[in-house]
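A short write-up of the structure that comes next.
Numbering (the working numbering), first residue to last: 16 to 452.
Laid out in structure tokens, this is it:
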């Protein structure tokens, strides 16, 4: 997340303040059995709804531009076509592993379970009404037998109008591949235009996120007034499961990938990535860490310069294992919190959307929020539940950014195996990536 400031204070501190104010007010109402004046409660709920509507308003053009450009960039250099393919395969494979770990952890530890079913059902019903108002005709369930057919939109404009996220993402993926196949001056101009659209959406997302402290206070007040102390207990369990899943991916999966597919000693790799690891965790910004990561890849890991620069730059916008894992854990946690039992097919759909979302939302500060909200609607969970996790999102953002950056370096190590460097005079300047979270 960007280190955005309001009045000299970092935005995440304002968000934390909003979380505390909303939580404190809601707990006070809950513990004292107070009745809030109806029009006041309606106003508080409207504030949260406005924030969610703004996110939904931006999500379709944001995802389409980010995913199409991300895929197009992977095959942008013909001389690195093989490297681009290897990078794409690695990204999909490792993101699937990351999301799989997250889903297994949530299913095993059940961090969202144990909430009073009557209260959950009450808020769920209210939330579904609000969700329907926000997303219109978006499906609130996933019907068996129609999954693969529904992935291919017969009319992408209609799919976008109905906020059907998966068909739109599949179309964006195919569109990006088409831009690579039809490489020309015209497609270069089209890619540049989509990059411009992406930058506009990123700027607007940043503007909307500045409203987050107020929205968090409103959403948390509503949730805390209903659930009381159960909210804090479930939230702590959620954060613990999310961090645990990230730790497994970081300290077990990554070393195995480096050793088996990268041909490098994991201890040597760990020593080489210490600096970008620390920078990523402290700044929670992949963009700020990119130059440090490139330096570590070239000087510490001794990877071919042209290969590592390409993979790390693409990875900063497309290889977001931590983001994909976070989205999967969050969706299942909130489903458990509201008492919704997701079957295997629904969880596989969540997994697929999270894998694509790891590519499609990279480069956007807090860009996972719209994706999480739309997935929640797909499985019948009120998107207002997002307010539950925003208070601890800063710490989780630091953790998943560290996982993202380390994953980029793992990808560079694996893809570089068997590749030779290009002479220094041909290698050119360092590529510049757009801002990422």
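Heads up, the beta-carbon is just placed ideally off N, CA and C, and yes, glycines get one too.
Predicted model only: the values in this text are computed from it and were never measured.
| Asked | Found |
| --- | --- |
| C-beta contact flag for residue 230 and residue 66 at 7 Å | yes |
| Contact check, residue 319 vs residue 74, beta carbons under 7 Å | no |
| Distance between residue 351 and residue 39 (C-alpha atoms, nearest Å) | 24 Å |
| CA-to-CA distance, residue 271 to residue 282, given in whole angstroms | 11 Å |
| Segment limits, alpha helix (DSSP H) that includes residue 419 | 408–431 |
| Among 63, 285, 51, 228, the one whose alpha carbon lies nearest that of residue 266 | 285 |
| Local Cβ density within 10 Å of residue 47, reported as buried at 16 or more and exposed below that | exposed |
| Delimiting residues of the alpha helix (DSSP H) encompassing residue 206 | 200–224 |
| Alpha carbon of residue 363 to alpha carbon of residue 52, nearest angstrom | 43 Å |
| Cβ contact check for the region 425–434 and the region 248–263: 3 or more pairs under 8 Å | no |
| Separation of residue 311 from residue 323, as counted between CA atoms | 10 Å |
| Rounded separation between residue 8 and residue 247 - CA only | Since the displayed the chain opens at 16 and closes at 452, residue 8 lies outside it and no answer follows. |
| Close Cβ partners of residue 287 (< 7 Å) along its chain, the five nearest in sequence each way excluded | 311, 315, 316 |
| Helix, strand or coil at residue 385 [DSSP, three-state] | helix |
| DSSP-derived helix/strand/coil call for residue 24 | strand |
| As assigned by DSSP and simplified to three states, the class of residue 317 | coil |
| Three-way DSSP call (helix, strand, coil) for residue 177 in this model | coil |
| Nearest candidate by alpha-carbon position, reference residue 295, set 36, 337, 251 | 337 |
| Residue range of the alpha helix (DSSP H) that includes residue 241 | 227–242 |
| Reduced DSSP category for residue 336 - H, G, I as helix; E, B as strand; rest coil | helix |
| CA-to-CA distance, residue 218 to residue 104, given in whole angstroms | 30 Å |
| Boundaries (first-last residue) of the alpha helix (DSSP H) holding residue 285 | 281–287 |
| Own chain partners of residue 278 with C-beta closer than 7 Å, once the 5 adjacent residues on each side are dropped | 432 |
| 6 Å CB neighbourhood of residue 36 in its chain, flanking five on each side removed | 232 |
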